[in-house]
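Heads up: the protein sequence lines correspond to chains B and Z, in order. Following our numbering, the numbering of the first sequence begins with 1 at its first residue and continues without gaps. Following our numbering, the numbering of the second sequence begins with 1001 at its first residue and continues without gaps. All remarks here apply to the structure that follows.
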Amino acid sequence: MSLLDFLRPRPKNTANIARERLRIIVAQERVTRDGPDYLPLLRNELLEVIRKYVHVGADAVQINVERSSEGEVLELSVALPEAGKATGTSG
Amino acid sequence: MTETIVITSGKGGVGKTTTSASLASGLAQRGHKTAVIDFDVGLRNLDLIMGCERRVVYDFVNVIQGEATLKQALIRDKRHENLYVLAASQTRDKDALTQEGVGRVLDELKQDGFEYIMCDSPAGIEKGAHLAMYFADRAVVVVNPEVSSVRDSDRILGLLSSKTRRAEKGEGPGAQQLLLTRYNPVRVEAGEMMSVGDVEEILGIPVLGVIPESENVLAASNSGVPVIHDAGSIAGQAYADAVSRLLGEDAAMRFVDAPKKGFFKRMFGT
Chain B
1 MSLLDFLRPR PKNTANIARE RLRIIVAQER VTRDGPDYLP LLRNELLEVI
51 RKYVHVGADA VQINVERSSE GEVLELSVAL PEAGKATGTS G
Chain Z
1001 MTETIVITSG KGGVGKTTTS ASLASGLAQR GHKTAVIDFD VGLRNLDLIM
1051 GCERRVVYDF VNVIQGEATL KQALIRDKRH ENLYVLAASQ TRDKDALTQE
1101 GVGRVLDELK QDGFEYIMCD SPAGIEKGAH LAMYFADRAV VVVNPEVSSV
1151 RDSDRILGLL SSKTRRAEKG EGPGAQQLLL TRYNPVRVEA GEMMSVGDVE
1201 EILGIPVLGV IPESENVLAA SNSGVPVIHD AGSIAGQAYA DAVSRLLGED
1251 AAMRFVDAPK KGFFKRMFGT
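So this is what it looks like as C-alpha cells:
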C-alpha cells in the first residue's frame, strides 16, 4: 500500500464475501445434486405448505437423500421458530 | 497404456481450449504421443488455438459417421510430430456425436498407441460436455477465481462423479484436479480476488496448476501458437509446470505470490 492509497476510497475485501457466499450455496447444491431432479421443487412446495401454518425462513426445510444397501431414504428436517417467537397463522 | 483426460469447466470463456492446447503440446514436447480432440460441435475453435485451422479437411463427426477414416481426420501438429488434433465439426446438428461413436474413436486412438487423449469439452452441461467427460480416466476442471466459475465447477464435479463410465461401472470418479486460470496475485493480496486456497477449499479437490493472468495468452491465441511454447512468459512456464505435475513430477507452485514492491513503489504506488 502506498501513501497515495490513503487518499483513494478503498474497496472492501470482496474476496471474503465471495468465499462465504460460495461456501453456503455450494453446500446447499451438493445436498440435492445426487438426488432426483425434483428435490429442489419438492423442497419449495413443502416450504409453501409449512408457511401456511408457521412463519419460517427460506432455509427452514432441509432435504437429504441417504443411500444404503436397502434403498434410498429421503430425510426431511424442518426447523420451526422458537416458541414465543412463533407467529403462526392459519391458512 | 492410454490415459484419457477431459478438460472441462461448465462455464464458458475460462480457458478450456487454451488449457487443452497447452497441456497437449506440453505432453508431446515431453515425448508422449498425444491426441487432442475438440468436442464443441458447431463451435470449433481448438484448431485456431493450435494454429491448424487451414488444414482441417475432415473432422470428428466425419469419422463417427464413417465419411472419413480417423487417419484422414487427424491433423499432425506443425511443431511436434507426436501430437495430433481432431477438429470438431461445424455442423449445427447437436446429435452428430454419439456415445457409441465417441467410444469407437477413442478405442481406435488407444490401439494406435496414443499415450494421452485430451478431450476439450464445450461449455455447459449438454451432450457435448457429457460425451467429453464420459470416457475420461481423469478430469482437469478449469476455473477462474470468480463466483460463477467456481459454482459451475462444483456442478461439473457432481456430474463427473455420477455421469461418467467409471462412475456407472462403480469404479469411482477417477482423478479430479483444478487448474486456476487468470490468477492475479496482486488482486488476491488486495482482497479483491479469491486465493488458490479459497477455491481449493470450496471445491475440495487438489490443484494441478495456477496460470497467472498474462497478456501473452491473448498474443498466443492471436498467432495460433499454444502459450506453453512461449517459454519466456509466466503463463507458458506455469503450463509447463502443470504438465510436469500431470506426469507425476513434483513442481513447486510458482507465480502465486505478488511480487515484492520496492521502496519507491511502496511510497508512491503504481
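Every residue gets a Cβ at the ideal spot worked out from N, C-alpha and C, and that includes glycine. Fair warning: this is a prediction, and the values are worked out from it, not measured in the lab.
Environment of residue i [buried if 16+ CB atoms lie within 10 Å]
i        : result
V1199(Z) : buried
G1197(Z) : exposed
G960(Z)  : No information on residue 960(Z) is available, as it lies outside the stretch 1001 to 1270 that chain Z covers here.
V1085(Z) : buried
L1246(Z) : buried
N1222(Z) : exposed
S1020(Z) : buried
N1062(Z) : buried
G1209(Z) : buried
E72(B)   : exposed
A79(B)   : exposed
V1057(Z) : exposed
V49(B)   : exposed
A86(B)   : Residue confidence for A86(B) is low, a pLDDT of 48 falling below 50, so the modelled location carries little weight; the figure read from the coordinates is stated next. Answer is exposed; the Cβ neighbour count stays below 16.
S1162(Z) : exposed
D1047(Z) : buried
S1025(Z) : buried
M1001(Z) : exposed
K1260(Z) : exposed
T1069(Z) : exposed
P1226(Z) : buried
G1236(Z) : buried
E1003(Z) : buried
G88(B)   : Note that G88(B) scores a pLDDT of 43, beneath 50, so its modelled location is shaky; the value from the coordinates is reported in the next line. Exposed.
R1076(Z) : exposed
R21(B)   : exposed
L76(B)   : exposed
L1074(Z) : buried
D1241(Z) : buried
G1012(Z) : exposed
N13(B)   : exposed
G1274(Z) : No answer is possible for residue 1274(Z): the residues shown for chain Z start at 1001 and end at 1270.
N-terminal and C-terminal residue of the beta strand (DSSP E) that residue i is part of
i        : result
N1062(Z) : Counting along the chain, N1062(Z) falls outside any beta strand (DSSP E), though it belongs to the alpha helix (DSSP H) covering F1060 to I1064.
V1036(Z) : T1034 to D1038
M1118(Z) : Y1116 to D1120
Contact belief for residue i with residue j at Cβ below 8 Å, rounded distance in angstroms
i        : j        : result
I63(B)   : R43(B)   : 5 Å
R1182(Z) : N1216(Z) : About 13 Å; that fails the 8 Å criterion.
F1060(Z) : A1088(Z) : 6 Å
Q1176(Z) : A1139(Z) : 5 Å
S1022(Z) : S1153(Z) : With 8 Å as the limit, S1022(Z) and S1153(Z) do not qualify as a contact, their Cβ atoms being about 19 Å apart.
S967(Z)  : S1233(Z) : Since the displayed chain Z opens at 1001 and closes at 1270, residue 967(Z) lies outside it and no answer follows.
I1005(Z) : Y1116(Z) : 7 Å
M1194(Z) : R30(B)   : With 8 Å as the limit, M1194(Z) and R30(B) do not qualify as a contact, their Cβ atoms being about 19 Å apart.
K1033(Z) : S1121(Z) : That pair is no contact at about 22 Å.
M1133(Z) : L1097(Z) : Not really, about 13 Å apart at Cβ, beyond 8 Å.
Residue i - partner residues in DSSP beta bridges
i        : result
V1141(Z) : T1008(Z) and L1178(Z)
R1076(Z) : Y1084(Z)
G71(B)   : S68(B)
P1212(Z) : Y1183(Z)
Q62(B)   : S77(B)
V1207(Z) : L1178(Z)
E1003(Z) : Y1116(Z)
Residue i, enclosing alpha helix (DSSP H) - first and last residue
i        : result
Y1134(Z) : K1127 to Y1134
A15(B)   : T14 to R33
D37(B)   : Element bounds for D37(B): n/a, residue is neither H nor E.
G1026(Z) : K1016 to Q1029
D1047(Z) : L1046 to M1050
E1108(Z) : Q1099 to Q1111
R1166(Z) : R1165 to E1168
Q1237(Z) : I1234 to L1246
G1158(Z) : V1147 to L1160
Chain-ordered chain C contacts of residue i [CB-CB under 8 Å]
i        : result
D1154(Z) : Absent here is chain C; the protein component of the structure consists of chains B and Z.
### Message
Along the segment 36–69 of chain B, where does the CB come closer than 7 Å to a CB of chain Z? Name the residues.
### Response
none
### Query
If contact means a Cβ-Cβ distance below 9 Å, which residues of the segment 1168–1198 of chain Z contact chain B?
R1187, V1188, A1190, G1191, E1192, M1193, M1194, S1195 and D1198
### Task
Note down, in chain order, all residues in the segment 20–32 of chain B with a beta-carbon under 8 Å from any beta-carbon belonging to chain Z.
R21, L22, R23, I25, V26, E29 and R30
#### Entry: Proximal residues, the segment 1202–1230 of chain Z versus chain B, C-beta separation under 8 Å
I1202 and L1203
#### Entry: Contact set between the segment 1134–1151 of chain Z and chain B, restricted to residues whose Cβ is under 9 Å from the partner
P1145, E1146, V1147, V1150 and R1151
### Task
Using a Cβ-Cβ cut-off of less than 7 Å, list which residues of the segment 1005–1017 of chain Z approach chain B; keep chain order.
none
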